[in-house]
Each structure stands twice: as C-alpha cells, then as structure tokens.
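Engineer: Dumping the structure here so I can ask a few things about it.
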Amino acid sequence: MDFITDTLAVFPSLIGAVPIVLQLAAGAMILALVLGLLVALARISQFKVLRAIAVFFVEVIRGTPLLVQLVYIFFVLPSIGIAIDPIPAGILGLGLNYAAYLSEVFRSAILSVESGQTEAALSLGYTPTKALWKVVIPQSFVVSLGPIGNYFIAMVKDTALTSVIAVTEILKTANILNSQTFQTTEIYTAAAILYLMLSLPLSRIVVLLERKARSRG
Amino acid sequence: MADNTIITVKDVHKTFVSEAKQSLWDRFRGKTHEVKRVEVLKGVNLEVAPSETVVILGSSGSGKSTLLRCINKLETIDAGRIYVHGHMIGYREQNGELVAERASVTAKKRTDVGMVFQHFNLFLNKTALGNVMAPLRDIKNFSAADARIKAVHHLEMVGLGDKLDNYPSKLSGGQKQRVAIARALAMEPAVMLFDEPTSALDPELVGEVLAVIKRIAQEGTTMVIVTHEMQFAREIATRIVVMDQGLIVEEGPPELIFTNPQHDKTRALLSRSGTSPQASES
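As they're listed, the protein sequences go chains Y and E.
Per our numbering: the first sequence = residues 1 to 217.
Per our numbering: the second sequence = residues 1001 to 1282.
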C-alpha cells in the first residue's frame, strides 16, 4: 500500500508541469497546422522552386530524429547568434517536425477531393485559387481531422523530449524530483500515468470529432 | 462572326499529349521516351445563336465532350478561336498567336457559361441549398439572405423545394443532377452546356432530369447538349450536330437529320439507337 500512497503523493508536484505541456503542444500544433498547410500547398504548386523547397523541408525533417532537431535548435543555433528560450525552442522544434508530417496529411487530403468539384467551381466562375480555398480545402480539412488528432496526441507525448533542452515539463520535473528523493519507481510511474491521463481523453475527443464530421455530407 | 451569336467556335484544334508509362527496366536500357498524341479536335467550327438548343451527337471518342469543355476553357486548345458573347475565352491574341490570359479574367468570362457535368460534381460538404448558394455568395457577392431566396427559387424550379437541407449523399442521382442544374442556372449564364447529363443515371432517373432540361429549353435558355438520348435529342433540339473523329460531319434541324441523314456516321448512330426506321448500317 505504501507504493500507491507514495505514488499518489508525487502527483501534486508533477501536475504543476501540465500547463507547460499543454502550452508546448498547443503552440507547436498551431505552428504545425499553419506551416503544414503552406508546405502542402507549395508541394502541389505549379512553381518548381516552391515544390523543391517543400520536398527538401519534408525530407530533412523526416530524415532526422526529433530529439536531434530539438538539441540543434537549442544548443547549436546560439552559436550563430540565434538564442531561443527553452519553451519557444520546444514549440519551434515540435512545430517544424509535425509540420512536415501534417503537410503530407494535408497534401493527400487535398488530392483526395475529386477534381470534378474543382471543375464545377471553375465553370461557375471561381478562380483556381478561390476554388482551392472555398471548395477543396474546407473538405480536405474534414478528411484530415482524424490524422491531425492522432498527431496531436503523439505530440503531447513527444513534449517529453523537450526535457533535454531544459523545459521543465513533466519528465524534467520528475527527473528533478528523483534526484532529490530517489523514489524512482513512484515518480516515473506517476509521470507515466499523468501522460496517460492526458492522452486518453484526447483520443476520445478525436473519435467524437471525427464521427461528427463524418455524419455531415 | 455574326454579332448576335452566343458561342463562336472557329477552326479549333486540340491534341491530347500523354507520356506513355515507362517501366524502370525500359529506362535502364535507355529506351527513348514515348509520347502519345491523340488529335481529338481537327478543326471544328460551330456557331450558336440565342435561344438555340444545339444537341451534339457522336460516338464516344468523337470529341464532343472535349469540344464542350473547350468552350468553358476546362481544356486548353492548340489552335483556333472560341468566343463567348464576342469575347475570346481563355486566351488573348498577340501577333496572331494565342496567349493564355490571366485565370481571373477567364473566371469572369466563365460566369457567362453554365455547365452541367456527367457526374454532377456537387460540393459534397454542402447541402442542396448550400451548393446553389455558394457561387452566388462567393462569385456574385450576394448577401446570405438574397442568395438564399434565389437558391430556394431555383431549387423549387427543378422540383427540389423539399430537399433543401439534404447533403448530396442523401440525394438520388437524378436529384443530384437537378441540384447541379439549379446551381448553374442560378448564376444566370447566357448559355448552358450539358455534358452527358444523364449518362451516369439509373434508367428510371433519366426522365426527371430530361424533363427539367426540356423545361429550361422551352423558357428560351440557349444551350448546347451532348447526349446519347436520341429520342430526347429529337424532341428538344433546334439543331443537331453530328461529330465523328474530331470533326463535325453533319448538322441540321432534327427532322432532317432523323429522317434523311446524309452522312454514314449519322446513319450508323441512328440505327444503333433504333431511332430511325429507314436507317441502315452500311
């Protein structure tokens, strides 16, 4: 019984880190959504240069570990005069990384909207750009909702990686506690349960959102 | 070009170019790249006057759908000129050459041409009402209230006043096509193009769509229809145009075409559909 009470006793000190996790995840997700959509549009653009830049970005990001990217942003960029505080650095790293993955989600979602609808829009007097924004993108967003939700849940868990760049999120807080009390089992069990408590309701919300989006149309 | 024509198609040529799929093995062996060329329009001339109902007949691959799509600049052309209401569509002329015009300029001209597609092409995330309202709001800048009134009016005209809030997934094929017709008509185009509007429908749903098209024609809307429905063509057309292998081979009033076809291709088409008693396949 000691184990359970000791584990429970750890929670209050860890819960203080939850707002930081949410701040990281929310900030990075907004960055990833905006940048991901831009990269997706660049990839289907008629301009070769834009396409090349987008492909390069996606390949570099997907070809290197997120942990390395975070370390690079926080420890290497200062050497060329770009010093970023831990939390903004975490948001930037997570955001760039997930933008690459989300851009692929958006790209396939955009391509999944049948071209007939674009033709209909054009024949009604939409410009190609207007047809994209008014007809195709709203629909591809609905298609993307499920994958976006899953990536968001993954991102909440990946915020743990920012512990290596001095963000005092849940894992970092747990590390600090551990070095003070050495209640290793209790502390990391509590941390794991806390992540679970964050991601379980989120995946439930994703399922509900998806169901709601599909019930229309 | 007469002043009052709505559509003028002058000596239009169109070739589809497709790069043949090449296997990795072929590329290793350095086999040269194959390019397939199919000339679908080989110099087509057509004029459509106000209130005319022109029906284009022809077997598949004759170029009739492509011609219709060119009139709306959904396809590019290689040579020739297409005018809608006296304005060249999709291109401007520079030293006698065709130069593609800005997309926004083409878009503006397209509002003069309504198009109905074989596969309806409704916006799947919008209700019947939303489909008709969207272009009024987005292109004609109607207020929500005005767009709604106009959209309801046009949906009632095609007999769908009770389906306003249905999404396309909750409509039959015939109902979807009628929504598509209402959506195009609400923009008040000078001419309506129908690209095989009943080809994707179950036989029992064809009638309701043809009835709507017929009523619109009787109201004096100018239209060009590509169809395989011979009986319908005969009833509705003021002029029949027969295409074969990228050319117009025969045209005239329906009585003449159906009772006294001159071209072999026309005779073959009519006999295949069983519309013309004296036609013989020869």
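We put the beta carbon where it would ideally sit given N, CA and C, even for glycine.
Can you pull the chain E neighbours of L130 of chain Y, defined as C-beta to C-beta under 7 Å?
Structural biologist: Checking the sequence, you will find Lys at residue 130 of chain Y rather than Leu. Within 7 Å Cβ-Cβ: D1138.
Engineer: Identify the continuous alpha helix (DSSP H) that holds A1217 of chain E and give its terminal residues.
Structural biologist: Per DSSP, A1217 of chain E belongs to the alpha helix (DSSP H) from 1203 to 1218.
Engineer: Assess contact between the region 167 to 178 of chain Y and the region 132 to 150 of chain Y, defined as three or more Cβ pairs (one per stretch) separated by less than 8 Å. Is contact present?
Structural biologist: Verdict: no, contact absent.
Engineer: Spell out whether any CB of chain Y is found under 8 Å from the CB atom of A1079 of chain E.
Structural biologist: For A1079 of chain E, the answer is no, since every Cβ of chain Y falls outside 8 Å of its Cβ.
Engineer: At which residues does the alpha helix (DSSP H) containing Q46 of chain Y begin and terminate?
Structural biologist: First-last for Q46 of chain Y: undefined, no H or E at that position.
Engineer: Using 8 Å as the threshold, is the C-beta distance between S112 of chain Y and V142 of chain Y below it?
Structural biologist: Not a contact, by the Cβ cut-off of 8 Å.
Engineer: What does a CB cutoff of less than 7 Å around Q1094 of chain E pick up in its chain, not counting 5 residues either side in sequence?
Structural biologist: Taken in chain order, the list of residues that qualify is empty.
Engineer: State buried or exposed for S1018 of chain E, treating a residue as buried only when at least 16 other CB atoms are found within 10 Å of its CB.
Structural biologist: S1018 of chain E should be labelled exposed.
Engineer: Helix or strand or just coil, what does DSSP make of D1162 of chain E?
Structural biologist: Residue state, collapsed to three classes: coil.
Engineer: Could you check whether K1108 of chain E and V1084 of chain E sit closer than 8 Å to each other, using their CB atoms as the reference points?
Structural biologist: The answer is no: Cβ separation not under 8 Å.
Engineer: Where does the unbroken alpha helix (DSSP H) through G63 of chain Y begin, and where does it stop?
Structural biologist: Per DSSP, G63 of chain Y belongs to no alpha helix (DSSP H) and is neither H nor E.
Engineer: Could you give the DSSP three-state label for H1154 of chain E: helix, strand or coil?
Structural biologist: H1154 of chain E falls in the helix class under three-state DSSP.
Engineer: For S1018 of chain E, does the three-state DSSP call read helix, strand or coil?
Structural biologist: Correct three-state label for S1018 of chain E: strand.
Engineer: At the 8 Å Cβ level, is S144 of chain Y part of the contact set with chain E, yes or no?
Structural biologist: False, the Cβ-Cβ gap to chain E never drops below 8 Å.
Engineer: Using the DSSP secondary-structure output, state which residues sit across from E1047 of chain E in a beta bridge.
Structural biologist: Looking at the DSSP assignment, E1047 of chain E forms a beta bridge with E:T1008.
Engineer: Once DSSP output is grouped into helix, strand and coil, what is the label at M1223 of chain E?
Structural biologist: Strand, per DSSP.
Engineer: Going by DSSP in three states, V105 of chain Y sits in which element: helix, strand or coil?
Structural biologist: DSSP places V105 of chain Y in helix when its eight states are reduced to three.
Engineer: Beta-carbon separation of L1164 of chain E and A1128 of chain E under 8 Å?
Structural biologist: In contact: L1164 of chain E and A1128 of chain E (Cβ atoms closer than 8 Å).
Engineer: Cα separation between I1240 of chain E and I1181 of chain E?
Structural biologist: Near 22 Å, if we compare the C-alpha coordinates of I1181 of chain E and I1240 of chain E.
Engineer: In this structure, what does DSSP give as the bridge partners for E1250 of chain E?
Structural biologist: E:V1242, per the DSSP bridge assignment.
Engineer: Whose CA, out of Y:I44, Y:L202, Y:A154, lies closest to the CA of I110 of chain Y?
Structural biologist: Ranking Y:I44, Y:L202, Y:A154 by Cα distance to I110 of chain Y puts Y:I44 first.
Engineer: Around the Cβ of M1192 of chain E, are there at least 16 other Cβ atoms within 10 angstroms (buried) or fewer (exposed)?
Structural biologist: Per the 10 Å Cβ criterion, buried.
Engineer: In its own chain, which residues sit with a C-beta less than 8 Å from the C-beta of S13 of chain Y, not counting the 5 before and 5 after it?
Structural biologist: Taken in chain order, the residues that qualify are T173, L177.
Engineer: Find out if the Cβ-Cβ distance for the pair L1201 of chain E, R1178 of chain E is shorter than 8 Å.
Structural biologist: No, the pair does not count as a contact, with Cβ atoms beyond the cut-off.
Engineer: Could you spell out the range, first to last residue, of the beta strand (DSSP E) harbouring M1115 of chain E?
Structural biologist: First-last of the beta strand (DSSP E) with M1115 of chain E: 1113 to 1116.
Engineer: Tell me which residue opens and which closes the alpha helix (DSSP H) that Q1262 of chain E is part of.
Structural biologist: Q1262 of chain E -> no alpha helix (DSSP H), and no H or E assigned at all.
Engineer: Comparing the C-beta of T1222 of chain E with each C-beta of chain Y, is any distance below 8 Å?
Structural biologist: Taking Cβ atoms only, chain Y never reaches closer than 8 Å to T1222 of chain E, which makes this a no.
Engineer: Mind checking if N1141 of chain E is an interface residue toward chain Y, Cβ cutoff 8 Å exclusive?
Structural biologist: Closer than 8 Å: no.
Engineer: Taking the C-alpha atoms as reference points, what is the distance between L66 of chain Y and F47 of chain Y?
Structural biologist: The alpha-carbon atoms of L66 of chain Y and F47 of chain Y are separated by roughly 29 Å.
Engineer: Can you look up I148 of chain Y in the DSSP assignment and give me helix, strand or coil?
Structural biologist: If DSSP states are grouped into helix, strand and coil, I148 of chain Y belongs with the helices.
Engineer: Does the beta-carbon of I205 of chain Y have 16 or more other beta-carbons within 10 angstroms, so that it is buried, or is it exposed?
Structural biologist: Exposed, because fewer than 16 other Cβ atoms sit within 10 Å of the Cβ of I205 of chain Y.
Engineer: Just the C-alpha distance for E59 of chain Y and V39 of chain Y, rounded to the nearest angstrom, thanks.
Structural biologist: Looking at the two C-alpha atoms, the distance is approximately 12 Å.
Engineer: Out of E:S1273, E:A1190, E:Q1175, E:G1220, state which residue places its alpha-carbon closest to the alpha-carbon of R1234 of chain E.
Structural biologist: It is E:S1273.
Engineer: Can you say whether M197 of chain Y is buried or exposed, counting buried as having 16 or more other CB atoms within 10 angstroms of its CB?
Structural biologist: Looking at its Cβ environment, which holds fewer than 16 other Cβ atoms inside 10 Å, M197 of chain Y is exposed.
Engineer: Under 8 Å between C-beta atoms, does R1178 of chain E make it to chain Y?
Structural biologist: False, the Cβ-Cβ gap to chain Y never drops below 8 Å.
Engineer: Run the CB neighbour count on D1011 of chain E, radius 10 Å, all protein chains shown included, and call it buried at 16 or more, exposed below.
Structural biologist: Exposed is the call here.
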